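Structure first, commentary second.
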Amino acid sequence: MTHNSQDKVIPKRAAVVVVGGGINGISVFRDLALQGVDVVLLEQRDFCSGASAALSRMVHGGLRYLENGEFRLVRQSLQERDFLLRNAPHYVFPLPTLVPIFDTVHGSLASLKRFIGLRSGPSRRSAIMIKIGLMLYDWLSRKSRTMPAHRFVSRKQLQTMAPDLSQDAKFGAIYYDAWVKYPERLGVEMILDTEQACPNASAHSYIGVEKVDGAELHWRDRLTGETGTITPDLVVNATGAWVDFTNLALSGGQENDTPRFVRGTKGSHLMIRNAQLASALGDQMVYYENADGRICIAFNYLGVSLVGSTDILIDDPELARCEESEKDYMLGALRFVFPEIEIARDDIVHVFTGVRPLPVSDADATGRISRDHSHREQEANEKRDFPVISLIGGKWTTFRVFGEEIADVVLRRLGRNRVCDTRRLKIGGGRDFPNSESDLDDWIGAELIDLAVDRPTLERLAERYGSRALDIARFCQAEPDGPLVAAETYSRREIEFLIRNEKVRSLSDILLRRTGIGLEGGITPNLIEEIGTLMSGILGWSAAELDHHTQLLREELGKKHSIV
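Take 1 as the starting number for the sequence shown in UniProt numbering and just add one per residue.
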């Protein structure tokens, strides 16, 4: 079966089938393929379209997790953050972070009680506890850190730096983490890198696993209806918040025989277009507490301001969407820290929601549930001829090491040895891409010599695609091109390149994941029609198929992103 020019056929057998194409599943797929394992990845929707598309865009160690005593997780996350700064310099960047502090001592006892497990709910944190946390944060990242250590600022300095912040803030702390510009694109680039380097590896989107029959997995293409089977030696269940649902399908539908591994919590975010808020945030993230002590964030991202997030238990990830009460909560938290900034409901141009696949826990507060990752191994049984390894938890930041750990478990089962690691493996457009602004300026000047595009165009492409901008620029100049009518900063040939080369199968793939148009609040009926016409010509859709894809997109936009 062929979805478009770059897709491979789903084979009849494979040593390993990875079910789930979020960032952790992709990481396992990549790591196993690089060890020479025949591996197939099956994703029921688009790659990185679940929780991997709904993160807060932070690449961080998890300062808050120190309060739960998760030192190993924080140390590992900080190390992985620094690896990503080196391996994906086109998408991952340092992020100065400002913490407004409202209490000097008050709240210290509550923090200590949380640390030793005597208190679970959120509460305000004192300057003393924040100082201790940031000192630990710096110490845990001392071997790999590439950014400055934290520092405190006085109330006067804070008011000079951020005059729109609440005047009740007594101090400020500044520390550095990182942010990721296009997390969904990074996942797709890892897939493309892997398939190019490893001929026996293939990844397929919109393929649902229907059932298991002894040695065979039965799959169904959710867009075309095509069906088939694949026979694995082992299955990795990397479906995130859907892990238990997938295991139910892999157990023959016997719910009583299927243990529960995951309890999801919903995290929603707002994209806000408000000039005063954008000016107040500047080039830093504000990491602040709401009045109830829950942590919130806000920073400028893709021309708008990203605000988040919530943390609400949810049993069915299919029902995850940003409710009006969540919008009220996040807007209320903003008013608490920026009391003089008026933000209207109409300033929200996009919302997104994901479900964190946290381990089943008896904790009485979501903030106490571990953010660390783990796995469970289930052996073959009378219904299924192969073992299943289920991934549980996992922060976006730690995808590489989580994938490495699971690959090692699989390699042991297969009796194979590791032949390489990914700690210093550049990703996609991060390969041969400059690490500094000055180097980037020189790189663009040198590459322009052999290209027909102008400097602003190459700068824009480099911002979006890193060093892959060169391939896209050559594709754009090979035939007549021009800007999209409904999104003038993108060109027709640029979008065509993505459709032909990045496993695009639906309108939402382009508008929500291969580009930043959705997050920027740029989706309009005219743009949907324009992209639909372009995709129909490239993928050979009939008028009925185009109508179907358009309806699917509108339903997704309405349910998940509050766009009608």
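For each residue, glycine too, the CB sits at the ideal point set by N, CA and C.
All figures in this text were calculated on a predicted structure; none of them were measured in a lab.
query	result
When Leu32, Gly394, Glu382 are compared against Glu195, the one with the closest alpha-carbon	Leu32
Where Met1 falls: helix, strand or coil (DSSP)	At Met1, the pLDDT of 33 sits below 50, so the modelled position is not reliable and the matter cannot be decided from this model.
Residue from Asn68, Arg424, Ser361, Val99 whose Cα sits closest to the Cα of Leu158	Val99
Exposed unless 16 or more other CB atoms sit within 10 angstroms - verdict on Gly133	buried
CA-to-CA distance, Ser49 to Thr97, given in whole angstroms	27 Å
Beta strand (DSSP E) runs contained entirely in the segment 223-250, provided each spans 3 or more residues	227-237
Range covered by the beta strand (DSSP E) that runs through His218	216-221
Three-state class that DSSP yields for Thr398 in the structure shown	helix
The segment 67-75 in contact with the segment 368-386 per 3-pair CB rule at 8 Å	yes
CB of Ile128 within 8 Å of CB of Lys170, strictly	no
Under the three-state DSSP convention, the category Phe261 falls into	coil
Exposure of Gly214, with buried meaning 16 or more beta-carbon neighbours within 10 Å	exposed
Between the CA atoms of Glu289 and Ile295 - distance to the nearest angstrom	5 Å
Option in Gly264, Met271, Ala201 with minimal Cα separation from residue 565	The chain is shown only over 1 to 564; residue 565 falls outside these bounds and no answer can be derived.
Inter-residue spacing [alpha-carbon to alpha-carbon] between Asn247 and Asn237	8 Å
Burial state of Lys266, where buried means 16 or more other Cβ atoms lie within 10 Å	buried
Alpha-carbon spacing of Leu118 relative to Ala363, whole angstroms	Per-residue confidence for Leu118 stands at a pLDDT of 48, beneath the threshold of 50, marking its modelled position as unreliable; the derived number appears in the next sentence. Spanning the two alpha carbons is a distance of roughly 12 Å.
Paired residues, beta bridge with Leu378 - DSSP	With the sequence shown as reference, residue 378 is identified as Gln, and Leu is not the correct amino acid for it. Partner(s): Val388.
For Ile116, the three-state DSSP class (helix, strand or coil)	For Ile116, the predicted model reports a pLDDT of 45, less than 50, meaning its position is unreliable; a value from the coordinates is still stated below. Reduced to three states, the DSSP call for Ile116 is coil.
Where the beta strand (DSSP E) containing Arg492 begins and where it ends	No beta strand (DSSP E) holds Arg492; the alpha helix (DSSP H) holding it covers 492-501.
Residue closest to Asn24, alpha-carbon to alpha-carbon, out of Glu555, Thr397, Arg500	Thr397
Ala14 to Trp219 span [Cα, whole Å]	14 Å
Element boundaries [alpha helix (DSSP H), containing Met147]	Looking at the DSSP string, Met147 is not in any alpha helix (DSSP H), and its letter there is neither H nor E.
Proximity to Pro357 [Cα-Cα], best of Glu342, Ala54, Val59, Ser438	Ala54
Inter-residue spacing [alpha-carbon to alpha-carbon] between Gly36 and Gly403	15 Å
Residue closest to Ile517, alpha-carbon to alpha-carbon, out of Thr104, Ser141, Lys181, Tyr137	Lys181
Start-to-end residues for the beta strand (DSSP E) that takes in Ser202	201-204
Segments of 3+ residues assigned as beta strand (DSSP E) that fall wholly inside the segment 286-337	295-301, 304-308, 312-314
Bounding residues of the beta strand (DSSP E) (the contiguous stretch that carries Arg356)	348-359
Rounded C-alpha distance that separates Leu552 from Asp509	12 Å
Reference Gln44; option with closest CA among Asp177, Ile174, Ser77, Arg222	Arg222
CB of Arg416 within 8 Å of CB of Asp408, strictly	no
Segment contact, 8 Å Cβ cut-off, at least three pairs: the segment 338-352 with the segment 381-391	no
Integer-rounded CB distance, given that Leu461 should sit under 8 Å from Arg455	With 8 Å as the limit, Arg455 and Leu461 do not qualify as a contact, their Cβ atoms being about 11 Å apart.
Same chain, Cβ closer than 8 Å to Asn420, five either side skipped, listed in chain order	The identity of residue 420 in the sequence shown is Cys, whereas the question assumes Asn. Correct list, in chain order: Leu34, Gln35.
Bridge-paired residues (DSSP) for Ile272	Ser305, Ile348
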